[in-house]
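Down below is the structure, laid out as structure tokens.
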Amino acid sequence: MPPVHISADVRKALARSTVAVLSVLLLSSCGAGDSEVKSASLCETAASSEEGALLRKVLRADDFETQISNNTSRFAKDLGRELAEMGPAQETLPSYACAYRPGPGVERVTFGFGWVPRASKDVDRPLPKGVAYEMNGVAGATNDTVTRLRVPCDMPGGLGEASKSAWLYADASYTVNIGRSDVDQAALDRQTTLTYLMTRRVADALGCENKPLEKAPVVKPAPTP
5 MPPVHISADV
15 RKALARSTVA
25 VLSVLLLSSC
35 GAGDSEVKSA
45 SLCETAASSE
55 EGALLRKVLR
65 ADDFETQISN
75 NTSRFAKDLG
85 RELAEMGPAQ
95 ETLPSYACAY
105 RPGPGVERVT
115 FGFGWVPRAS
125 KDVDRPLPKG
135 VAYEMNGVAG
145 ATNDTVTRLR
155 VPCDMPGGLG
165 EASKSAWLYA
175 DASYTVNIGR
185 SDVDQAALDR
195 QTTLTYLMTR
205 RVADALGCEN
215 KPLEKAPVVK
225 PAPTP
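Using the numbering used here, the letters of the sequence shown correspond one by one to residues 5 to 229.
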């Protein structure tokens, strides 16, 4: 059998998914004796919700497993601390909140969030074979396995000043698409819409005072320059 070539962006998606899985397992282990109940508000989706409908289409499954990495208040505090400690040039590593799996195996959809300085070169890092999007002032890009969004989030209190020079970013991994040839424009639009809606939950948990994702997502590719 000839060797199988795996592209660089697919390898990155696999690595990102592996880190996310380890994050879920470690957090579950650490919280086994914790009396604080994990909040479902960030990750759990009603079957009738827009997120639930999108997940079923993206995962190509009528049912799926929801993995919650952290409780909502702790997750928001961790993101706030990362913003306060962030340097002037480099983005923070993503903190993973939720993962959705259609069945046994590594294929899943995973959502991670972090901060990137607006002046950082990381802001303009291209996404291989990515389609650019603009939604209600939110910039993003999507390819077969990754969706990234940058969101202006005006944090309350002492983090307000720091947040004005940073973007809240979403880094969503769609390893369910690795090796598939049927990921069309409609599928990319669904990924982007789902990532927008999940990022809205994080923005609400953080208390972004400008409510950047309050409007319903109108997802379409940005005009080509």
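Beta carbons: idealized from backbone N, C-alpha and C, even for Gly.
Option in the options with minimal Cα separation from residue i
i: P221; options: E111, T203 and V120; result: T203
i: F68; options: P108, K219 and K125; result: P108
i: L97; options: K61, V110 and P121; result: P121
i: M90; options: F79, S167, L58 and M139; result: S167
i: G84; options: Q71, I182 and W171; result: W171
i: L217; options: S177, A143, D188 and V127; result: A143
i: K219; options: V187, V135, N140 and E111; result: N140
Exposure of residue i, with buried meaning 16 or more beta-carbon neighbours within 10 Å
i: G118; result: buried
i: D148; result: buried
i: R64; result: exposed
i: K42; result: Confidence at K42 is low in this model, with a pLDDT of 44, below 50, so the placement of that residue is unreliable and no value is reported for it.
Backbone secondary structure at residue i - three-state DSSP
i: R122; result: coil
i: M202; result: helix
i: R154; result: strand
i: S185; result: coil
i: S39; result: Unreliable positioning characterises S39 in this predicted model, as indicated by a pLDDT of 28, which lies under 50. The coordinate reading is nonetheless provided below. DSSP places S39 in coil when its eight states are reduced to three.
i: R64; result: coil
i: V222; result: coil
i: D148; result: coil
i: Q71; result: strand
i: C212; result: coil
Beta-carbon separation (whole angstroms), residue i vs residue j, contact threshold 8 Å
i: R205; j: S45; result: 7 Å
i: L210; j: C157; result: 6 Å
i: A101; j: S73; result: 6 Å
i: A145; j: G134; result: 4 Å
i: T231; j: Y173; result: Nothing in the structure corresponds to residue 231, since the chain is present only between 5 and 229.
The ligand COA heavy atom lying under 7 Å from the CB of residue i
i: A166; result: Ligands in the displayed structure: none, and consequently the ligand COA is not present.
At 4 residues or longer, and completely inside the stretch 158 to 183: list those alpha helix (DSSP H) runs for me, N to C. 164 to 167
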